[in-house]
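**Q** In this note's numbering, each residue carries its 1-based index in the sequence shown increased by 1.
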Amino acid sequence: ILNLFSYTNMSFEVQYQDLLRVIIVSTLSTVPSFTFLFLNGTMLFTLRSKPVFRDTPRYILLYNLLFADTVQLAQSQVLFLLSIFRVKLPYPVCVCLSLLANLTTGISPLTLSVMPLERYVAVCYPLRYPTIITIRNTGAAIVVIWIISSLNNLTRVIFFFPFEVLKNLQIKDSCSKIALLLGTRSDQYDTAFTCLVFVSAGVAVVFSYIGVILAARLASANKALARKARNTLLLNMMQLCLSLSSTIYNPLLAALSRTITMTIFLWVQNVFYLCFIILPRCLSSLVYGLRDQTIRPVLMYHLCCHQKRSQ
C-alpha cells in the first residue's frame with residue numbers, strides 16, 4: 002500500500018510539473034504572438050483606412066507583405082499551441098494547414114524582391130515612375146507573386162503527395178511539415194525553391210541598392226529621396242535575412258528531436274519559435290509603422306483611439 006501511495010504521489014507530481022511546464026511555455030509564446038497579431042492587424046487596418054495608402058504602390062506592396070506575415074503568424078501560433086498540448090489532428094486537416102503555411106511562406110520573400118525594384122525606379126527613373134509603377138502594375142505583380150507561391154504548393158501536391166497510401170496515413174505526433182511524410186525528394190525540391198526565391202530577392206535588393214547609391218552621387222539626384230530609399234533597401238535586406246532564418250526552424254527541430262529529451266525539446270522549441278517565427282513576422286509592422294512619417298501618426302491614432310475618444 003505504501004509503495005502504491007508513493008507511486009501515486011510521484012505520478013501526480015510528474016503530471017503537475019508537466020502541466021506547469023505546458024502553461025509556462027504556451028504563455029511565453031502566446032502573449033508576444035497575440036501582441037504582434039494585434040499590432041499587425043492594426044497596421045493592416047491603417048493601410049486600408051486612407052486613400053493615400055490604398056493608392057500608393059509601395060503601401061500596397063507593404064500591405065501584401067504584412068497580410069502574408071500575419072496569416073502565417075496566426076497559423077503558426079495555432080500549430081504551436083496544438084503541439085504544446087499534444088493535440089493530434091486528422092491528416093487532411095494537417096495537410097491543409099501545412100499548404101497554407103507553405104503558401105504564405107513564399108509570399109514574403111517574393112514581395113521583398115519586388116519592393117526594392119519599386120524604390121529603385123523611384124530614385125533612378127523619377128520621371129518615368131508614374132508610368133512604370135502604377136496601381137495596375139502593382140496589382141499585377143501581387144497576383145503573379147500569389148500565383149508563383151500557389152504553383153509551388155500545387156507542384157508539391159502533384160509530384161510528392163503519397164496518394165496511394167492516403168487512407169492509411171496518420172499523424173503520429175503534432176501536425177507539422179515534418180509529419181507529412183512527403184519524402185526526401187520533397188525536401189530537395191523545397192530547398193531548391195527556397196534557394197531560388199531568396200537568391201532572386203537578394204539579387205533584387207543588392208541591384209537596387211547599388212543603383213540608388215550611384216544615383217545619389219549624381220548632382221541631379223534627389224539626395225533626400227535617395228537616402229530614404231537606401232535605408233529602406235537596408236531594411237528590406239534585414240527582413241529578407243529574418244525571413245530566411247524562419248526556413249531553418251523545422252530542420253533544426255527535426256535534428257534536435259533525435260538528440261535531446263522531450264522536456265528540453267519543448268523549451269528549445271519555444272525559444273526557436275520566438276526567434277525564427279514570431280520576430281520575423283512582426284518587425285515589418287513595427288519598423289515601417291514607426292519610421293514612415295505618413296504611416297506613424299495614423300497608426301498611433303488607431304492604437305490609441307480609445308484613449309483619445311475618452312478624452
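Here a beta-carbon is modelled for each residue, glycine too, at the ideal position from N, C-alpha and C.
Assuming G290 contacts M116 (C-beta within less than 8 Å), just tell me the rounded distance between them.
**A** Between M116 and G290 the Cβ distance is about 16 Å, and since that is not below 8 Å, they are no contact.
**Q** Alpha helix (DSSP H) containing L98: first to last residue?
**A** 92–125
**Q** Let me know the secondary structure DSSP gives T295 once reduced to three states.
**A** Correct three-state label for T295: coil.
**Q** Would you give the residue range spanned by the alpha helix (DSSP H) that L59 belongs to?
**A** Position check: residue 59 holds Arg in this sequence, whereas Leu was assumed. Start and end: 58–85.
**Q** Under 8 Å: do the region 62–73 and the region 268–286 share three or more Cβ pairs, one atom per stretch?
**A** Remark: three or more beta-carbon pairs, one from each stretch, lie closer than 8 Å, so the region 62–73 and the region 268–286 are flagged as touching.
**Q** Just to confirm my understanding: we take A123, look at its own chain, exclude 5 residues before and 5 after, and list those with CB closer than 6 Å. What are they?
**A** Here A123 has Y130 as same chain residues with Cβ atoms under 6 Å from its own Cβ, once five neighbours each way along the sequence are excluded.
**Q** Which of helix, strand or coil does DSSP assign to I24?
**A** helix
**Q** Starting from F322 and walking both ways along the alpha helix (DSSP H), at which residues does that stretch end?
**A** The requested residue 322 is not part of the displayed model; the chain covers only 2 to 312.
**Q** Would you check if the distance between the CB atom of L245 and the CB atom of Q270 is smaller than 8 Å?
**A** no
**Q** Tell me whether the beta-carbon of R231 lies closer than 8 Å to the beta-carbon of I214.
**A** yes
**Q** Taking L90 and L83 to be in contact with their CB atoms under 8 Å, please state how far apart those CB atoms are, rounded to whole angstroms.
**A** 7 Å
**Q** In whole angstroms, what separates the C-alpha of V79 from that of V94?
**A** Rounded to whole angstroms, V79 to V94 spans 13 Å at the Cα level.
**Q** Output needed for L118: all residues of its chain with C-beta closer than 7 Å, excluding positions within five of it in sequence on either side, in chain order.
**A** A205, S209
**Q** Taking DSSP as the reference, what is the three-state secondary structure of A88?
**A** Looking at the sequence itself, residue 88 is Val, so the reference to Ala does not match. It is coil, neither helix nor strand.
**Q** Give me the residue from C283, L66, I85 with the minimum Cα distance to F266.
**A** I85
**Q** So does L241 have its beta carbon nearer than 7 Å to some heavy atom of the ligand SAH?
**A** Although the ligand SAH was asked about, the structure shown includes no ligands whatsoever.
**Q** Looking only at C-alpha atoms, which of T112, R49, T192 sits nearest to Y238?
**A** First, the amino acid is wrong: residue 238 is Met here, not Tyr. Looking at the Cα atoms, T112 is the closest of the given residues.
**Q** Taking the CB atoms as reference points, tell me whether Y64 and L40 lie closer together than 8 Å.
**A** no
**Q** For K51, name the three-state secondary structure that DSSP assigns.
**A** For K51, the secondary structure class from DSSP, reduced to helix, strand or coil, is coil.
**Q** Look up L152 in the DSSP assignment and say whether it is helix, strand or coil.
**A** helix
**Q** Measure the C-alpha to C-alpha separation of N136 and L62 and round it to an integer number of angstroms.
**A** A small correction: the amino acid at residue 136 is Ile; Asn does not occupy that position in the sequence shown. The straight-line gap separating the alpha-carbon atoms of I136 and L62 is approximately 10 Å.
**Q** Should I133 be labelled buried (16 or more other beta-carbon atoms within 10 Å of its own) or exposed?
**A** Exposed: under 16 other Cβ atoms inside 10 Å.
**Q** So, for S109: in the same chain, excluding its five sequence neighbours on each side, which residues have a beta-carbon less than 7 Å away from its beta-carbon?
**A** L66, A69, D70, S244
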